[in-house]
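S.K.: Right, I'll just put the structure down here and ask away after.
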Amino acid sequence: MTPMSIGLIGRKVGMTQVFLEDGSMVPVSVVAVEPNTVTRLRTPERDGYSAVQLGVGVRRKLTKPLEGQLQGLPKLGTLREFRVEDVSGYEVGQILDVELFAPGDRIDVIGVSKGKGFSGTIKRHHFRRGPETHGSDSHRQPGSIGPGTTPGRVYRGTRMAGHMGDERVTIKDLRVVRTDAGRNLLLVRGAVPGARNALLLVRKA
Amino acid sequence: MNVIDQLDREQLRDDLPELAAGDTVRVAARVVEGNRERIQVFEGTVMRLHGGGPQRSITVRRIASGVGVERTFKVNSPRIDRIEVVRHGVARRAQLYFLRKRVGKAASLRERRPG
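Chain order of the listed sequences is A and B.
Mapping of the first sequence onto our numbering: residues -11 to 193, in sequence order.
Mapping of the second sequence onto our numbering: residues 204 to 318, in sequence order.
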């Protein structure tokens, strides 16, 4: 089922650690969430589903189709939709900022993980390696990938080397540690996907 | 300055004395017992400094009723009420782990003379 919750578009800044009031230190990811503009509402009558489309950032030139979409709105760089139960309460042109969240809120963070290229089975599937010495040649080999004549083929889905990372990842149930409306920052406990400056979607869990 | 550095800088305390390995310090830490908060003072020798920025910590060693006790404090923590340097000791290395093997007078450090 598609999660039905509003969120915001942000960018990953990096990680650090902050003190909580009780003196404990927690690792946080810093997410820059510039104020988002509501650019369009999706309704079941017209679109077959309900969602709020948000935009953030700037672009210098709009393509003709985008120009039509963003009539009367600033030239926004990035547009994304969040599925919601009901679009009432939102209107086009409305600004949503980091105040949407409060410390302690549970959120999901969606991003694109760092690409690892063509990776072996050790990095990709946590296989164990073979001996490094004593005549061994199977240092990082995957080992056996199945029996012989029976079944006479390799089972589908057998874990092997291949492309790793650079895929959409959702980290669920993270906690908001702090929000900073002045600097448009969101501090999230723990790690979030992607490299610095990577686009992130932060939505209520 | 980037945002991370800004956040880190905001967490630094500006009321801390200069600390060095070998100093004798008095650390007043706030401890919560049940629903009451009180201040606990721990006095001893700084065995090492660790980390930088908001994560900076010190390990303090003292002999309490015949037993060596080491405690680490995050220097910038809001749970630290204050830190005083009682005495500057002479230390020729950064980590004073050798103190663990020493007992009594051998475990003391000469005082640093100004100048």
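Note that the Cβ used here is the ideal one computed from N, Cα and C, for glycine as well.
From the DSSP secondary-structure annotation, give me the bridge partner or partners of Arg191(A).
M.R.: Here residue 191(A) refers to the residue found at position 203 when the first sequence is read from its first residue. Paired residue(s): Gly(-5)(A), Asp96(A).
S.K.: Taking the straight line between their C-alpha atoms, what separation do you get for Leu42(A) and Gly99(A)?
M.R.: The residue you call residue 42(A) lines up with position 54 of the first sequence. The residue you call residue 99(A) lines up with position 111 of the first sequence. If I take the Cα positions, the gap works out to 16 Å.
S.K.: Rounded to a whole number of angstroms, what is the C-alpha to C-alpha distance between His127(A) and Met3(A)?
M.R.: Locating residue 127(A) in the first sequence gives position 139, counting from the first residue. Locating residue 3(A) in the first sequence gives position 15, counting from the first residue. If you take the alpha carbons of His127(A) and Met3(A), they lie about 34 Å apart.
S.K.: Write down the C-beta distance between Ser101(A) and Glu33(A) rounded to the nearest angstrom, noting that I regard them as a contact closer than 8 Å.
M.R.: Position 113 of the first sequence holds residue 101(A). Position 45 of the first sequence holds residue 33(A). Contact flag wrong, Cβ pair sits at about 37 Å.
S.K.: Is there a Cβ from chain B that is less than 8 Å from the Cβ of Val18(A)?
M.R.: The residue labelled residue 18(A) in the question sits at position 30 within the first sequence. Answer yes: the Cβ-Cβ gap between Val18(A) and chain B drops below 8 Å somewhere.
S.K.: Going straight from the alpha carbon of Arg290(B) to that of Ala223(B), what length do you get?
M.R.: Against the second sequence, residue 290(B) aligns to sequence position 87. Against the second sequence, residue 223(B) aligns to sequence position 20. Arg290(B) and Ala223(B): Cα-Cα distance of roughly 11 Å.
S.K.: Could you say which of Pro181(A), Glu9(A), Pro23(A) lies nearest to Gly103(A) if we only look at CA atoms?
M.R.: For the purposes of this step, residue 103(A) is identified with residue 115 of the first sequence, where counting begins at 1. Ranking Pro181(A), Glu9(A), Pro23(A) by Cα distance to Gly103(A) puts Pro181(A) first.
S.K.: Do Thr109(A) and Pro130(A) have their beta-carbon atoms positioned less than 8 Å apart in this structure?
M.R.: Within the first sequence, numbered from 1, the residue matching residue 130(A) stands at position 142. Within the first sequence, numbered from 1, the residue matching residue 109(A) stands at position 121. The answer is yes: Cβ separation under 8 Å.
S.K.: What does DSSP give as the partner residue(s) for Leu29(A) in the beta ladder?
M.R.: Along the first sequence, one-based indexing puts residue 29(A) at 41. DSSP lists Val40(A) as partners of Leu29(A).
S.K.: Of the residues Gly247(B), Ile286(B), Lys277(B), Asp226(B), which one's Cα is nearest the Cα of Arg295(B)?
M.R.: The sequence position of residue 295(B) within the second sequence is 92, counting from 1. For Arg295(B), the nearest C-alpha among the options comes from Asp226(B).
S.K.: Are the CB atoms of Thr248(B) and Val235(B) nearer to each other than 8 Å?
M.R.: Position 45 of the second sequence, counting from 1, holds the residue named residue 248(B). Position 32 of the second sequence, counting from 1, holds the residue named residue 235(B). No, Cβ-Cβ distance for Thr248(B) and Val235(B) is not below 8 Å.
S.K.: Under three-state DSSP, which class holds Thr121(A)?
M.R.: To locate residue 121(A), count along the first sequence from 1; it is residue 133. Coil.
S.K.: With a threshold of 8 Å between beta-carbons, can Ser268(B) be considered close to chain A, or not?
M.R.: Against the second sequence, residue 268(B) aligns to sequence position 65. Closer than 8 Å: no.
S.K.: For a contact meaning CB atoms closer than 9 Å, what does Gly2(A) contact in chain B?
M.R.: Taking the first residue of the first sequence as 1, we reach residue 2(A) at position 14. Near Gly2(A) (Cβ distances below 9 Å), the residues of chain B are Asn205, Val206, Ile207.
S.K.: Of all the options Pro62(A), Val40(A), Leu8(A), which has the alpha carbon lying nearest to the alpha carbon of Val244(A)?
M.R.: In the structure displayed, chain A extends from -11 to 193; residue 244(A) sits before or after that span and is not available.
S.K.: With H, G and I counted as helix, E and B as strand and the rest as coil, what does DSSP make of Gln5(A)?
M.R.: Locating residue 5(A) in the first sequence gives position 17, where the first residue counts as 1. Gln5(A) falls in the strand class under three-state DSSP.
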